[in-house]
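Colleague: First, the structure itself, so that you have it in front of you.
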Ligand SMILES: NC(=O)c1ccc[n+]([C@@H]2O[C@H](COP(=O)([O-])OP(=O)(O)OC[C@H]3O[C@@H](n4cnc5c(N)ncnc54)[C@H](O)[C@@H]3O)[C@@H](O)[C@H]2O)c1
């Protein structure tokens, strides 16, 4: 970490290094996975679960030519019809996913069903010899963690990817590089929240469909806010700290929306990591002022980052710690990193945007390109412009999955990333339900031999 309290040229060089290290995610997968039939050809994929998320992913996939949608499956006719119309060309439709899995021309499956169906569907996809992308949280119950890991070991050449798109975001990857390079000093805390204002209830015309449509409200199908929202951010903290927590404790309540739901409408969670680091997490349904983001705090600085959505762009800001212990001791000159533009101490307070690879100088840049990059960075420093991710991380994760299928690579958000995340969700809900610290090591004993023992006969 530089010892000056303002952003220095040295810091900028380091941040540029972090951004440069963020190579195209699709090139970052490890080898060792079976290739689909013909290299350089499109991957034939299908969807199981074509509701809100499935249709959204289909829309993004329509811009990606590494694959072609050949089939869709949904048990709910209106959703199946809507999804089929959104594809833009004729696609086979199914109500029973086992019929779809019997097709030999389907290489890969995207699963976007409610959480309770993730494991059975993913298991059957693997048993059918196909690659699988499953939305987060990857699995629902402790026994499914062990079962999916065992199944993967039996089918190591099939890709399993989890829908954790932050892992594919340039901003998050730069943040991770900055953490690893020590640019935030010693990272001790992550604070994250996802706050909304409202019940989140979907309208239901036919009351018999309430549980099917509003499945997120019922524990039989869902892990509630922890699975739906916190899962993304627990994963960010685990990733930034580079380890799993030691234990979690928390409080959840159904305090506002007493509408028949049995999942919490607000959760407050605290995670302790092995070296004393903490994740402080909050998700509420009664105030959206703070919106959703993660704040990564170290002795030398802070990153506030959000993946954004289709209406709000992703953003990552870096704040230097003005009174970092080292900075006070060193008293070095306030060198300016943009070669001419002054980065004042107010910039330190307001923060500085994370630089993405497209803004980093390359020795091969033409004069014009170099000047453009300089101008952009100067505008960032003045708060006039903010860097934009060149591609939506959802597009990258979807395309990356197809590349992994085609080229025999291991995904960035692989099975272990997904299972660690699911472990966090399961144990967090348990901690709130039982009002105690739940240790992550407990997962090893949970869900083993879950067959209920026969009841003892009465004397
Ligand atoms: N990564 C993200 O940011 C993100 C965002 C939203 C949702 N998700 C995840 O996507 C998944 C789906 O969420 P959603 O909002 O689209 O739910 P949804 O209710 O809108 O859609 C789920 C669809 O699955 C169908 N379905 C249920 N069981 C099925 C089965 N056995 N076979 C075929 N189809 C079946 C339902 O009929 C429905 O159409 C959830 O796991 C959710 O957590 C992820």
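Numbering (this note's numbering), first residue to last: 6 to 464.
Note that the Cβ used here is the ideal one computed from N, Cα and C, for glycine as well.
Because the structure is a prediction, the values reported are computed rather than measured.
(1) When the distance is taken between beta carbons, is residue 122 closer than 8 Å to residue 469?
(2) Starting from residue 102, trace the alpha helix (DSSP H) both ways and give me its first and last residue.
(3) Determine whether the beta carbon atoms of residue 190 and residue 380 lie at a separation below 8 Å.
(4) Tell me the DSSP bridge mates of residue 274?
(5) So, at 8 Å on beta carbons, what are the nonlocal neighbours of residue 426 in its own chain, with the 5 sequence-adjacent residues on each side left out?
(6) Would you mind working out which of 441, 199, 183 sits nearest residue 322, comparing C-alpha positions?
(7) Note down, one range per segment and in chain order, each beta strand (DSSP E) of at least 3 residues found wholly within the stretch 95 to 179.
(8) Kindly examine ligand 1 and report whether one of its heavy atoms sits closer than 7 Å to the Cβ of residue 78.
(9) Just the C-alpha distance for residue 422 and residue 129, rounded to the nearest angstrom, thanks.
(10) Could you spell out the range, first to last residue, of the beta strand (DSSP E) harbouring residue 196?
(11) Should residue 202 and residue 292 be called a contact, given that it needs their Cβ atoms to be closer than 8 Å?
(12) Give the range of the alpha helix (DSSP H) segment to which residue 423 is assigned.
(13) Is the beta carbon of residue 410 closer than 8 Å to that of residue 48?
(14) Please list, in chain order, all residues of the same chain as residue 111 whose beta carbon is under 8 Å from its beta carbon, the five residues on each side excluded.
(15) Near residue 252, which residues of its chain fall below 7 Å by C-beta distance, leaving aside the five closest residues on each side in sequence?
(16) With a CB to CB cut of under 7 Å and the five nearest residues on each side skipped, what residues in its chain are close to residue 393?
(17) Could you check how far apart the C-beta atoms of residue 418 and residue 172 are, in whole angstroms? I think they sit under 8 Å.
(18) Using the DSSP secondary-structure output, state which residues sit across from residue 261 in a beta bridge.
(19) Cβ of residue 5 versus every heavy atom of ligand 1: is any distance shorter than 7 Å?
(20) Check whether the Cβ of residue 102 sits closer than 7 Å to any heavy atom of ligand 1, and report yes or no.
(21) Check the C-beta distance from residue 288 over to residue 220 and give it rounded, since I have them as a contact under 8 Å.
(22) Can you name, in chain order, every residue of its own chain whose Cβ lies under 6 Å from the Cβ of residue 451, other than the five neighbours on each side?
(23) Give a single yes or no on whether residue 231 has its beta carbon closer than 7 Å to a heavy atom of ligand 1.
(24) Leaving out five residues on either side along the sequence, give the residues of the same chain with a beta carbon under 6 Å from the beta carbon of residue 384.
(25) Under three-state DSSP, which class holds residue 81?
(26) Can you tell me which of 275, 195, 433 puts its alpha carbon nearest to the alpha carbon of residue 229?
(27) Distance check for residue 69 and residue 404, CA to CA, integer angstroms please.
(28) Excluding the five sequence neighbours on either side, which residues of its own chain have a C-beta within less than 7 Å of the C-beta of residue 428, listed in chain order?
(29) For ligand 1, is there a heavy atom less than 7 Å away from the beta-carbon of residue 170?
(30) So is the beta-carbon of residue 119 under 7 Å away from any non-hydrogen atom of ligand 1?
(31) Would you kindly check if the distance between the Cβ of residue 298 and the Cβ of residue 205 is under 8 Å?
(32) Any idea which residues DSSP pairs residue 357 with across the strands?
(33) Taking the continuous beta strand (DSSP E) assigned at residue 218, which residues delimit it?
(34) Any heavy atom of ligand 1 closer than 7 Å to the beta-carbon of residue 108?
(35) For ligand 1, any of its heavy atoms closer than 7 Å to the Cβ of residue 57?
(36) Report yes or no: is there a C-beta of chain B within less than 8 Å of the C-beta of residue 388?
Modeller: If we stick to the structure as given:
(1) Here the chain has residues from 6 to 464 only, and residue 469 is not among them.
(2) 102 to 106
(3) With a cutoff of 8 Å on beta-carbon distance, residue 190 and residue 380 are scored as not near each other.
(4) 255, 286
(5) Hits under 8 Å: 141, 142, 143, 167, 169, 236, 239, 240, 243.
(6) Closest in C-alpha terms to residue 322, from the list 441, 199, 183, comes 183.
(7) If we require 3 residues or more, the beta strand (DSSP E) runs fully inside the stretch 95 to 179 come out as 97 to 99, 113 to 116, 136 to 140, 165 to 168.
(8) yes
(9) 21 Å
(10) Unbroken beta strand (DSSP E) run through residue 196: 192 to 199.
(11) yes
(12) 420 to 439
(13) Residue 410 is positioned such that its CB atom lies closer than 8 Å to that of residue 48.
(14) 49, 50, 51, 75, 76, 105, 135
(15) 277, 442, 443, 444, 445
(16) 318
(17) With 8 Å as the limit, residue 418 and residue 172 qualify as a contact, their Cβ atoms being about 4 Å apart.
(18) According to DSSP, residue 261 bridges with nothing at all.
(19) Shown here, the chain extends from 6 to 464; a query on residue 5 therefore has no answer.
(20) yes
(21) Their Cβ separation, rounded to whole angstroms, is 18 Å, which puts residue 288 and residue 220 out of contact at 8 Å.
(22) 147
(23) Answer for residue 231: no, Cβ out of range of ligand 1.
(24) 390
(25) coil
(26) 433
(27) 7 Å
(28) 150, 445, 448
(29) yes
(30) yes
(31) For residue 205 and residue 298, no; Cβs fall outside 8 Å.
(32) 323
(33) Element bounds for residue 218: not the beta strand (DSSP E) but the alpha helix (DSSP H), 215 to 218.
(34) Not so, every heavy atom of ligand 1 lies at least 7 Å from the Cβ.
(35) Yes, ligand 1 has a heavy atom inside 7 Å of this Cβ.
(36) You won't find chain B in this structure, because it holds only one protein chain.
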